[in-house]
Amino acid sequence: MDLTEDAGLPEPIYIFKKNMAPVSCLYLCQKKEFELLYVGTEEGLVHIWNLKTKREQKTIKVADTACLAITQYNDNIITQEKGYGLKYWRVVNLEWLLLKEVQTDYYGFCKIIVFNDRIYCPFDNGGIRVYQGEDTKVVMKCDVDRSRGEVMCMKFLKNCRELLVAYESGILTMWSFEGENPKIECEKEFNDTPMCLDVCDLTEEGILGSSGECLKKISVKNDNITEVRSTVLKNPGISCVSIRQDGKLLVAGCWDGRIRYFSMKHLTLLVVLDHHFVGPIQCVMFSEKCLSSYSAHVLFAAGCDGRISLWDLYTKDKLRPK
């Protein structure tokens with residue numbers, strides 16, 4: 001039996017809480033010797049949690065505004081600050097040393113992507129700038145007409161040469177980086193403003209969440225974007241989505257503060273989790289590898305209440321509630 005909004009709700013396997021500000025991004029660092037969770041907040045702080053001890057290891061001030069993204073590049077850390085740009089950090093004995101800064105003046109919520117030694121960064125007026133490694137020089141640009149609005153979200157496809165970009169106007173564009181200059185491969189327009197995007201490399205299917213009530217499943221096969229199906233949510237607004245690696249399950253973090261699990265095949269609603277108290281869910285993320293403390297690919301969820309919940313649901317071969 002599926003666990004829907006009218007049935008009893010499961011409990012998270014753990015909750016990280018320490019009076020943190022609203023959470024704006026998560027980054028999971030899994031290495032042999034440690035497992036760390038980096039948590040960026042709207043106050044510009046990065047909280048580092050040790051997942052083995054479940055204790056906060058350190059807090060660093062990285063921005064004056066929201067920390068939109070945290071990611072790793074070689075041995076360094078890159079943070080993205082809303083309304084300012086990028087900062088490159090070297091970590092030595094838990095101390096963060098600022099190496100350089102790149103100003104972008106981007107005031108939206110789209111997160112940077114580090115891919116194949118390049119950094120893909122949203123810019124103002126719907127533009128994208130591509131930086132080569134730690135060099136602050138722009139090596140590629142993706143510019144469009146201002147009528148498209150700001151870049152809302154983006155995701156690379158498994159072929160490593162095509163980037164999906166969703167614009168404020170509702171246009172979803174597939175950019176090709178196969179040649180020296182980026183070019184538009186194909187496009188599809190949707191009614192609502194897109195807020196979030198994820199794509200499964202295994203199935204070449206994606207999920208698009210928006211400011212409206214519809215969650216849409218798309219196909220990105222054969223250099224084409226097609227809408228496969230959609231489902232209507234009880235309340236409008238989806239902040240974030242994440243597809244599990246096997247392509248069978250997706251999770252949506254919603255404006256009403258709820259976490260919704262769906263089957264990927266038919267977008268069947270499996271369970272609605274109401275465990276965060278204030279504001280929307282702003283981050284959902286599956287662990288790419290099994291954590292040492294758990295036997296499955298667990299889900300991290302965080303939102304405006306400053307708490308991070310950890311979930312272990314539907315981790316068997318068949319999508320079955322625990």
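Quick note, the sequence shown lines up with residues 1 to 322 if you use UniProt numbering. Ideal Cβ placement from N, Cα and C applies to all residues, glycine included. Here the structure is a predicted model, which means the values were calculated and not measured.
Assuming the contact rule is C-beta atoms closer than 8 Å, E150 and I171 should be a hit. Round their C-beta distance to whole Å, please. With a Cβ gap of about 12 Å, E150 and I171 do not count as contacting.
Own chain partners of D192 with C-beta closer than 6 Å, once the 5 adjacent residues on each side are dropped: S210, S211, G212
Roughly how many whole angstroms lie between the Cα atoms of L250 and L270? 10 Å
For M264, list the residues DSSP reports as bridge partners. DSSP, once it has assigned bridges, lists no residue as partnering M264.
Using the Cβ count rule (16 or more neighbours within 10 Å means buried), how would you classify L94? exposed
Is the beta carbon of I207 sitting closer than 9 Å to the one on D198? yes
Whether I70 touches L26 by CB criterion (9 Å): yes
Please report the Cβ distance between A301 and V278, rounded to the nearest whole angstrom; I am assuming they are in contact, meaning their Cβ atoms lie under 8 Å. Not confirmed; about 14 Å, so no contact.
Tell me the start and end of each unbroken alpha helix (DSSP H) in the region 126 to 195 that is at least 4 residues and wholly inside, in chain order. none
Residue 334, enclosing beta strand (DSSP E) - first and last residue: Residue 334 lies beyond the range of the chain shown here (1 to 322); nothing can be said about it.
Reducing DSSP to helix, strand and coil, say where N222 ends up. helix
Starting from R118, trace the beta strand (DSSP E) in both directions and tell me its first and last residue. 118 to 122
In the DSSP output, which residue or residues are listed as bridge partners for K52? For K52, which the question treats as bridged, DSSP gives no partner whatsoever.
Please go through the same chain and pick out, in chain order, the residues whose beta-carbon is closer than 8 Å to the beta-carbon of E288, but skip the five residues on each side of it. L28, Q30, Q245, H297
Mapping the DSSP letters down to three states, classify C290 as helix, strand or coil. coil
Reducing DSSP to helix, strand and coil, say where R244 ends up. coil
Are R229 and K17 close, meaning C-beta to C-beta below 9 Å? no
What is the DSSP secondary structure of E101, reduced to helix, strand or coil? strand
Residue range of the beta strand (DSSP E) that includes E205: 205 to 210
Straight-line CA distance for V241 to K100? 31 Å
Measuring only the C-alpha atoms, how far is P12 from G133? 38 Å
Here's a check: name, in chain order, each residue in its chain whose Cβ is nearer than 6 Å to the Cβ of E33, leaving out the five neighbours to either side. none
With a CB to CB cut of under 6 Å and the five nearest residues on each side skipped, what residues in its chain are close to K248? M264
Classify G237 as helix, strand or coil using the three-state DSSP reduction. coil
Other residues of its chain near V102: CB distance less than 6 Å, five sequence neighbours each side excluded: G85, L86, T136
Distance, G179 Cα to P194 Cα: 28 Å
Within 9 Å, strictly: CB atoms of G44 and C67: yes
Since I believe E227 is in contact with K216 (beta carbons under 8 Å), could you give me their beta-carbon distance rounded to a whole number of angstroms? 6 Å
Quick one: Cα of I243 to Cα of W255, how far? 18 Å
Mind checking which residues open and close the beta strand (DSSP E) that includes W311? 308 to 311
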